[in-house]
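Trainee: If you read the sequence shown in full-length UniProt numbering, its first letter stands for residue 1, the second for the next number, and so on. All residues carry an ideal CB built from backbone N, CA and C; glycine is no exception. One structure is given below, represented as structure tokens, and several questions about it will come after.
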Amino acid sequence: MSSLRHGRVQSPSLTTVAALAAGFDVDIAFFTTDFHHRHHHETMAQRVRLARISRRHYRLAAAVCDLPPSNRETAFALIGILEAQEAAKAGHSLNSVWGQHG
Numbered sequence: 001m002s003s004l005r006h007g008r009v010q011s012p013s014l015t016t017v018a019a020l021a022a023g024f025d026v027d028i029a030f031f032t033t034d035f036h037h038r039h040h041h042e043t044m045a046q047r048v049r050l051a052r053i054s055r056r057h058y059r060l061a062a063a064v065c066d067l068p069p070s071n072r073e074t075a076f077a078l079i080g081i082l083e084a085q086e087a088a089k090a091g092h093s094l095n096s097v098w099g100q101h102g
């Protein structure tokens with residue numbers, strides 16, 4: 001870590017970068033130039049948030065994939081219910097903006 005901080009190491013190992021990503025709770029992609037080019041319009045704080053969201057989504061997706069098939073289907077059904085509830089809330093708030101009741 002000290003060698004990285006002081007610039008003595010130009011190309012850290014994948015293991016080192018993965019450990020840094022885990023330590024900062026960000027996706028490993030955060031440490032690539034491609035990530036920063038794709039999100040150049042975002043502030044650094046927003047980029048960190050995006051990298052953290054990506055990491056959490058990856059871990060969640062991996063956990064769901066590891067479930068037995070019947071449990072996986074239950075998880076997908078629950079996600080569908082939550083999506084429908086969010087869509088209904090969004091529709092209701094849009095209707096109230098336009099003076100309609102939904």
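Under the three-state reduction of DSSP, which class applies to GLY23: helix, strand or coil?
Mentor: The answer is helix: DSSP assigns GLY23 an H, G or I state.
Trainee: Assign MET44 to one of three DSSP states: helix, strand, or coil.
Mentor: Reduced to three states, the DSSP call for MET44 is helix.
Trainee: Can you tell me whether ARG49 is buried or exposed? The criterion is at least 16 other CB atoms within 10 Å of its CB, across all chains shown.
Mentor: With fewer than 16 other Cβ atoms within 10 Å, it is exposed.
Trainee: Evaluate ALA62 with the Cβ neighbour count: other Cβ atoms within 10 Å of its Cβ, from every protein chain shown; 16 or more gives buried, anything less gives exposed.
Mentor: Classification of ALA62: exposed, given that the 10 Å Cβ count is below 16.
Trainee: Going along the chain, which residues of its own chain have a beta-carbon closer than 6 Å to the beta-carbon of ALA75, five neighbours each way excluded?
Mentor: Here the set comprises VAL64.
Trainee: Where do the N-terminal and C-terminal ends of the alpha helix (DSSP H) with ASP34 fall, by residue?
Mentor: Note, ASP34: alpha helix (DSSP H), 33 to 38.
Trainee: Hey, would you say LEU20 sits closer than 8 Å to PHE31, going by beta carbons?
Mentor: Yes; because the gap between Cβ atoms is below 8 Å, this pair is in contact.
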